[in-house]
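A.B. asks: Per the numbering used here: the sequence shown ends with 266, consecutive numbering throughout.
Note that beta-carbon positions come from the ideal geometry of N, C-alpha and C, so glycine has one too.
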Amino acid sequence: MEDAPTTPNPARETAAPSLPISETFVSIQGEGKLTGVPSWFVRLSGCNLRCAWCDTPYASWDAQGGRRTITSLVDEARATRQRHAVVTGGEPMIFDHLADLTQALRAMEMHITIETAGTVLRTVPCDLMSISPKLANSTPAPEDPRDPKGAWRRLHESRRLNLAALQGLIDANPQRQFKFVVAEPSDLPEIDELLSRLRGWSAGDVMLMPEGVTPPDAQRTAWIVQACLQRGWRLCRRLHIDLFGNKRGT
Ligand code: SF4
17 MEDAPTTPNP ARETAAPSLP ISETFVSIQG EGKLTGVPSW FVRLSGCNLR CAWCDTPYAS
77 WDAQGGRRTI TSLVDEARAT RQRHAVVTGG EPMIFDHLAD LTQALRAMEM HITIETAGTV
137 LRTVPCDLMS ISPKLANSTP APEDPRDPKG AWRRLHESRR LNLAALQGLI DANPQRQFKF
197 VVAEPSDLPE IDELLSRLRG WSAGDVMLMP EGVTPPDAQR TAWIVQACLQ RGWRLCRRLH
257 IDLFGNKRGT
């Protein structure tokens, strides 16, 4: 007797885990404690915020790219022979399959940095949690043409700081750093106030990054240097901007 023909059941078929990817590339890490370290970068496309000065609008305001399977990303990472992976965005922490990716990269013994704004708490394998809480200077202006009805301005303002998520990220990640994008000295009280509400961080984790996509001159950084000297924080330039300018894939 012949076997009954089997009918494919789409409900049973599980698609391979995938993530929306804006770009992947090999470069040196330009920011933070691992500045200068050669790394494989994977930029996830999509963000729950809309920073006025976002330097990767192609992963936020105008999220571009397509989905790629975890398998293809891991194969690419392996082929680069890099030891460090930087998972960035956009906002990587909003994606369910993020942990699948970092788990697989860790299985290859890669060191994993996740770059996040710290608004979402998710359990995910990671060796350095790089948190960049967004200050008031990030909120889109009322006249921003990308946001004519102000919907993103309101959403951004309501989402940009999540104390519970920030504390959870500190608690779950012994290796972490805070990178604050600063534009004016008036940003400092906001940072002081935020940090006063968090526990478990140290001054060496805190970095001030001058806002802008051009190398900051001495005048622009003088007050930032003073703030770092007073508080024991670090000045964080963007080495990739110094070396390559504001170019994709660097
Ligand atoms: S959180 Fe990052 S990716 Fe998202 S809008 Fe702000 S700067 Fe751009």
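Using the beta-carbon count (16 or more within 10 Å), is tryptophan 168 buried or exposed?
C.D. replies: It is buried - the Cβ of tryptophan 168 has at least 16 other Cβ atoms within 10 Å.
A.B. asks: Quick one: is lysine 150 buried, meaning 16 or more other Cβ sit within 10 Å of its Cβ, or exposed?
C.D. replies: Flag for lysine 150 reads buried.
A.B. asks: Pull up the distance between the alpha-carbon of glycine 184 and that of isoleucine 110, whole angstroms please.
C.D. replies: If you take the alpha carbons of glycine 184 and isoleucine 110, they lie about 15 Å apart.
A.B. asks: To which residues of the same chain is proline 232 closer than 6 Å at the C-beta, ignoring the five residues directly before and after it?
C.D. replies: Here the set comprises Pro226.
A.B. asks: So leucine 204 packs on alanine 243, CB below 8 Å; how close in whole Å?
C.D. replies: Contact flag correct, Cβ pair sits at about 6 Å.
A.B. asks: Verify whether the separation of the beta carbon atoms of valine 197 and isoleucine 240 is less than 8 Å.
C.D. replies: No; because the gap between Cβ atoms is not below 8 Å, this pair is not in contact.
A.B. asks: How about valine 102 and serine 38: do their beta carbons lie closer than 8 Å?
C.D. replies: Cβ atoms of valine 102 and serine 38: not closer than 8 Å.
A.B. asks: Going by beta-carbon coordinates alone, are glycine 134 and asparagine 178 separated by less than 8 Å?
C.D. replies: Yes; because the gap between Cβ atoms is below 8 Å, this pair is in contact.
A.B. asks: Rounded C-beta distance between glycine 48 and cysteine 252? I'm assuming under 8 Å.
C.D. replies: About 6 Å; that satisfies the 8 Å criterion.
A.B. asks: Restricting to runs no shorter than 3 residues, where is the beta strand (DSSP E) found entirely within the segment 70–119?
C.D. replies: The qualifying runs are 82–85 and 100–104.
A.B. asks: Expressed to the nearest angstrom, what Euclidean distance is found between the alpha-carbon atoms of glycine 248 and arginine 254?
C.D. replies: One C-alpha to the other measures close to 19 Å.
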